[in-house]
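Data first, discussion second: the structure below is written as structure tokens.
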Amino acid sequence: MPRVLTPDLLCSPASVRAAYAQLLAHLGVAHLDLCCLDVSAAARGATDPWPASVAAAWEVLCSIVPEGGAVGVAHAGWRTLDAMLTSGAKKPAVNVCELHPLLSQVIHACHAWHNHFAMD
Amino acid sequence: MASDGCQALPPGVPGGPPVSAGYGNGQVAAAAATSTAPPGEKPYAAGVWYGPAPTGWRTSSETATPTEKPFDAAKEPRSVALPGGLRLPLLGVAVTDAASVSVSLRLDSLLVSPGHEAEVGNALKAASFEREKLFIAAFLPGGPTDAGPELLVPSKHATEICHEC
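Chains as they are written, first to last, in this note's numbering: chain A, 4 to 123; chain B, 428 to 592.
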């Protein structure tokens with residue numbers, strides 16, 4: 004099954020819009036209740052835990068999700084969350100992450116920011 | 428002190444004189460003297476206890492291994508409370524195939540795994556559902572998707588675990 008997005012699609016605001024529209028088309032729905040930006044791969048190995056390209060994608064995603072829908076992040080580590088929130092970005096509604104005992108640092112960080120979790 | 432240098436041990440203590448088998452200490456004999464046999468039973472026979480059941484005994488139903496109840500999505504908690512009166516659906520199923528879609532529809536929530544959007548979309552078209560009653564969540568990858576899982580915890584051990592996920 005081909006992926007909806009190619010790796011470099013989200014580097015520009017226009018790409019985010021196109022990717023979101025493509026996602027809706029694939030699912031056959033008019034809107035999403037929750038759209039999460041998976042930041043794990045972008046932050047992996049990067050010196051900046053909240054890279055400028057991801058920050059731009061996040062801003063665009065927050066602007067195109069209609070009212071009533073929520074935006075969140077996925078697999079964000081505590082460094083990413085810290086950098087994200089201190090940069091003034093919109094606070095994500097959820098941080099979808101895998102529940103694991105060794106993820107206590109992420110969980111504690113989210114509790115400190117009064118964030119919430121969805122677990123898969 | 429005894430002549431052999433050892434003090435006599437009381438009955439029942441390891442090394443001491445043995446006690447009678449069974450309930451010991453004359454319990455059977457005392458019960459036989461004070462209890463009456465149930466109708467149709469002999470008054471007393473060795474090894475038969477007519478008194479009250481000793482405490483601590485449990486019935487077979489209590490000691491049997493409990494059986495797991497079948498999963499019923501209708502009885503599972505559907506959401507958790509968020510500040511401001513909002514409800515966050517419990518996204519317990521990541522949809523990766525058509526079979527998972529049917530389970531998720533019963534849970535009224537869809538967590539669409541990246542790369543399975545078209546497959547899930549086809550399953551949604553085939554199924555009849557009320558969109559307003561279905562919570563749908565999906566992902567947009569924020570960067571290269573072939574880089575593997577993120578190093579969520581900065582420790583060598585955790586990194587190894589995450590690579591196994």
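Each residue gets a CB set at the ideal place from its N, CA and C atoms; glycine is no exception.
Checking contacts by CB at 8 Å: is residue i closer than that to chain B?
i, result
"Gly31 of chain A", "yes"
"Leu64 of chain A", "yes"
"Ser18 of chain A", "no"
Name, please, each residue of chain A whose Cβ falls closer than 7 Å to the Cβ of residue i.
i, result
"Ala565 of chain B", "Leu26, Leu30, Leu35, Cys38"
"Glu389 of chain B", "Beyond the ends of chain B as shown, which are 428 and 592, falls residue 389 of chain B; an answer cannot be given."
"Lys560 of chain B", "In chain order: nothing, as chain A lies at least about 11 Å away."
Determine the burial state of residue i: buried for a count of at least 16 other Cβ atoms within 10 Å of its Cβ, exposed for fewer.
i, result
"Pro69 of chain A", "exposed"
"Thr89 of chain A", "exposed"
"Arg82 of chain A", "buried"
"Ser593 of chain B", "Because chain B in this structure spans residues 428 to 592, residue 593 of chain B falls outside the shown range and cannot be described."
"Ser536 of chain B", "buried"
"Glu546 of chain B", "buried"
"Pro95 of chain A", "buried"
"Pro497 of chain B", "exposed"
"Ala22 of chain A", "buried"
"Ala554 of chain B", "exposed"
"Ala24 of chain A", "exposed"
"Ala33 of chain A", "exposed"
"Ala550 of chain B", "buried"
Does the distance from the CB of residue i to the CB of residue j come in under 8 Å?
i, j, result
"Glu544 of chain B", "Leu35 of chain A", "no"
"Ala73 of chain A", "Leu40 of chain A", "no"
"Ala77 of chain A", "Val42 of chain A", "yes"
"Trp1 of chain A", "Ala86 of chain A", "Look at the range of chain A in this structure, 4 to 123, and you will see that residue 1 of chain A is not part of it."
Since residue i meets chain B, which of its residues come closer than 7 Å, beta carbon to beta carbon?
i, result
"Asp41 of chain A", "Pro541, Phe566, Leu567, Pro568, Gly569"
"Ala21 of chain A", "Here the premise fails: no neighbours, minimum Cβ distance about 11 Å."
Which chain A residues sit within Cβ distance under 8 Å of residue i?
i, result
"Phe556 of chain B", "By Cβ distance, chain A contributes nothing, its closest Cβ being about 10 Å from Phe556 of chain B, past 8 Å."
Going along chain A in order, which residues have a C-beta closer than 9 Å to the C-beta of residue i?
i, result
"Leu532 of chain B", "None at all; the shortest Cβ gap to chain A is about 13 Å."
Is there a Cβ from chain A that is less than 8 Å from the Cβ of residue i?
i, result
"Glu495 of chain B", "no"
"Val547 of chain B", "yes"
"Ala448 of chain B", "Only weak support is given to the placement of Ala448 of chain B: the predicted model assigns it a pLDDT of 49, under 50, and the question is left unresolved by the model."
"Lys552 of chain B", "yes"
Could you tell me how far apart the beta carbons of residue i and residue j are, in whole angstroms, since I believe they sit closer than 8 Å?
i, j, result
"Val565 of chain B", "Val528 of chain B", "Rather than Val, the amino acid found at residue 565 of chain B in this sequence is Ala. Not quite, the Cβ-Cβ distance comes to about 13 Å (not below 8 Å), so this is no contact."
"Gly31 of chain A", "Lys552 of chain B", "6 Å"
"Val57 of chain A", "Val19 of chain A", "About 11 Å separates the two Cβ atoms, so there is no contact after all."
"Val99 of chain A", "Gly75 of chain A", "6 Å"
"Gly548 of chain B", "His29 of chain A", "5 Å"
Can you give me, in chain order, the residues of the region 62 to 92 of chain A that have a beta carbon less than 9 Å from any beta carbon in chain D?
Absent from the structure is chain D; the protein chains it does hold are A and B.
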